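Structure first, commentary second.
In our numbering, the protein residues as written are 21 to 1127.
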């Protein structure tokens, strides 16, 4: 480690101890060797001596470089001693003193483990991703992928979790996490996603493992989950399904008789089979084995209810919801019980709580049966109130009375233990199997540890923003190390402190309020929270008033008016280069052979010169920070540049292209383009599309129609970021029928509205009636919004030149900047079809159809033409604010890159993020500059066409590579193969911009050396690469495991029992097999060929036009 050498070690340490301590770092954490008691005790004693010694050295050292090395060592030692607070403190000090901390894999692993322990998952994810990015062959990579997989599983990002668990399985090196544990979680994720056959396969594969590879806990859990699958999935063999389920559950109990979850599921099985006594016995065992198992008490309530014992059922349900106030099934069953006992008001309260539990799970799936029951019971209560009916002779106590009933002694003991138990310790040995909730067959289960019996059963909406215990712990740790915090950590501390202050004030208000057991009081609490938000954002209503009517009209009467700057000469200010473009310190004027020779010398020398610092490693990419200085509130709704074209000359002018592509213009609306160029946009009308190719596939997104500046959860009670939709498929012809039917329905509604207004009916606006089907108020006085369901036809591919010839030819009239195929468009040189980017995509819309927030793939520019007849409303944000929006997405539990989100405007304004808001009318072309964040909603019935453009410029290329590297960091696939594109541009395009030339040359230099270094390594191992070549239309290859682009050298393995082959990158191939056994290495280019292209790529001189 830096600054630590034998000469500085205290004489109390023997030479052997000095040598051993010098080799110890965080990678020892979780190793199986520590399971041996004698070895663990010896190592613990040595580490304590090491801590004492290096603490003394740290206080005596004044050299920051030496000091940082001592601090890092202390962090490792404290981590291995499981003193996480001190480990975090030492790591934070090292982080502050050592600017190149990203080069230290042991540090990244250690600090990631510490943050993981404190459940600070965003920080843990950051450091783990940086570690894998810069050191993909890190020896504990498998464990890192496991922890990332579990983080994504907990956060609900199931696809990301599956991907990371698969990455962990692909690493065959030994790890502190067993493969059976990884496969179990992979199977459980499939089960959560209802991919039952895949889950069954994974579980059965686990049971086939040799006993030496299978732990008792995993075997028991696997048998339980597999048994439950057989019991619940009807598509499995009906003849043997039931008996197989019972056998598997009983085998699980034989292996681990203390697992309360297994006893609970066995009870569920007996209950479904009508074996009431056996079910009660199993449930009793579950209560004895499990602490505070709400599932079990809920199931006992169901049994009592089936036996017509309503009072006993009530008591069991109350036990369940007091243990876990977020238990949807218990609230729902309790509502059914009250409804059966003719107590509608109590039933309504319970149904509403069940709905809110579903909302808090954030899975986006609403229970339509519960929603229907809520509406029906509200009508019943309303009718009873109007008729003056009273509910005399209640069978059961009301929900308020039932909440105060005495609880059985055995439950009281369990509750006390549950309250007083310390937080679960997540060590490396058991973090995959220690938490029963992660193994439950009911995913997304909410556990509420605040089980105070005195509280009201009515759920409190306003507490969702409270800091969790883990966040409070992080805030405490940051406060302890405040003088050493980085700017990012300081901002995080300020955010946590601000939220904590609001939380304390809110709790004071709740304390001062009267008895909270009155149902109507909850509305007041919500109103208090809303008013508090309004006091924090006094100018939000003013900001929202700045809408699309504030556009700037830039009429081109003379092209010289806006012809001042060109994108070719622009660059991104104050932005470091992405790793792939970071200069190596080697002159771009060197020939290829000289570059390779120089790189070999650098690698062979152990002392790397400063100018070659980033040859092998680069600072990992990061999100953009908040632009400074912050904008004032009156600048958060900027006007949208709008250009009116009067003739073809204006449309073809260079001034228009320069204005659109200037970095200072994130978005431009161009009006009059179709008229100026005499474009026949009718070729893209629904009628013409049906006639041309009515069978063409349409991806359909089923959505709720909402106001464009709002996004509500599935219950219609809470504004959220997550934008829900379900996916299906149809044809253009069938969607056209739907489009026409909704239009006719709207006409009928307009007619009724007109007739109603002419006869003295109410004057509700058409907008409100068309968007919201109903407004209702629940028993607590909280208004709910019920929205119409609509279908959005998206991602319709128009790339078939035979079927869409007329449409494609018509678009050839566009100026060169907007054309689908152009010499100045990078995507025309990529050498392969990328659907939706270098092909046209069509969108068929009805009012309310939403395209959620996103940036274009690899930050390329985009254009969108509205065919009409209706309008679209657009929202857009400059590229430099994407990091802030990504952070807000993370805070709202939605993935920025792969998730579906619709920003809450107040959240953006509160973070000083400007939002362009404008209307796209029929015939308007919207140009989105590189990296612009945007989201769109249809106002009327319309079709849109869109594609991407990549101007051959330094600005666009740097933006594309930035996102390419960030995608690699987050394991998100870049569908534009930028390395292949770089070499193609160098071979075929004249580059006159020096900035772009230097970027391209740097990328080529890095990839050229990477190919040569890999070939040298293979030669030393006695492995020969086989010439394969690259076909004319052969697409770029991506690694089967990590989805990274594979250039030149393909590591190929044949699929067993098939003629198909899989392509791997070198890192993933060596994780599969260290000596590459079973792999064939294919080369697509000879090194001489690459070196020739590199040498012949030179800066071209600009051609001067003769006057």
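For each residue, glycine too, the CB sits at the ideal point set by N, CA and C.
As the structure is a prediction and not an experimental result, all values here were calculated from the model.
The Cβ-Cβ distance between residue 272 and residue 299 does not fall below 8 Å. Counting the other Cβ atoms within 10 Å of the Cβ of residue 403 gives fewer than 16, which makes it exposed. For residue 970, the three-state secondary structure derived from DSSP is coil. Here residue 320 is buried. Its C-beta has 16 or more other C-beta atoms within 10 Å.
Here the alpha carbons of residue 809 and residue 352 stand approximately 25 Å from one another. Per the DSSP secondary-structure output, residue 817 pairs in a beta bridge with 861. For residue 957, the enclosing beta strand (DSSP E) starts and ends at 953-958.
Here the segment 891-903 does not lie against the segment 989-1003, with fewer than 3 beta-carbon pairs under 8 Å apart. The Cβ atoms of residue 689 and residue 912 do not sit closer than 8 Å to each other. Contact check for residue 968 against residue 882 passes: the beta carbons are separated by less than 8 Å. Setting aside the 5 residues that flank it on each side, residue 826 is surrounded in the same chain by 703, each with a C-beta closer than 6 Å to its C-beta; the list follows chain order.
For residue 158, the three-state secondary structure derived from DSSP is coil. Your pair residue 998 and residue 981 checks out as a contact, with CB atoms roughly 6 Å apart and the cut at 8 Å. In the pairwise beta carbon analysis, the segment 1021-1039 is classified as not touching the segment 834-847: fewer than three pairs are separated by under 8 Å. Cβ-Cβ separation between residue 37 and residue 66: approximately 6 Å, consistent with a contact (criterion under 8 Å). For residue 689, the enclosing beta strand (DSSP E) covers residues 687-691. The three-state secondary structure of residue 369, taken from DSSP, is helix. Take residue 1072, set aside five residues on each side of it, and the residues of its chain with a beta-carbon closer than 8 Å to its own are 1081, 1082, 1083, 1084, 1099, 1100, 1101, 1102, in chain order.
Around the C-beta of residue 1076, fewer than 16 other C-beta atoms lie within 10 Å, and the residue is accordingly described as exposed. Note that the C-beta distance between residue 97 and residue 70 is below 8 Å. The Cβ atoms of residue 401 and residue 354 lie no closer than 8 Å to each other.
In the DSSP assignment, residue 131 forms no beta bridge with any residue.
Boundaries cannot be given for residue 921, as no beta strand (DSSP E) includes it and DSSP labels it neither H nor E.
By the CB criterion at 8 Å, residue 195 and residue 160 fall inside the cutoff. Annotated three-state conformation of residue 835 is coil, per DSSP. Collapsing the DSSP output to three states places residue 351 in a helix. Taking one beta carbon from each stretch, the segment 1004-1020 and the segment 849-865 have 3 or more pairs nearer than 8 Å; the two touch.
The three-state secondary structure of residue 874, taken from DSSP, is strand.
Judged by DSSP secondary structure, residue 678 falls within the alpha helix (DSSP H) whose first and last residues are 674-681. In this structure, the CA atom of residue 611 is about 50 Å from the CA atom of residue 923. Cβ neighbours of residue 211 within its own chain (closer than 6 Å, five residues either side excluded): 219. Check the Cα spacing between residue 421 and each of 349, 335, 1092, 1067: the tightest is with 335.
Here residue 258 is exposed: its Cβ has fewer than 16 other Cβ atoms, across all protein chains shown, within 10 Å. The C-alpha of residue 673 lies about 16 Å from the C-alpha of residue 698. Residue state for residue 1065 is assigned as strand, using DSSP reduced to three classes. Sixteen is the threshold: when 16 or more other Cβ atoms of the shown chains lie within 10 Å of the Cβ of residue 173, as they do, the residue is buried.
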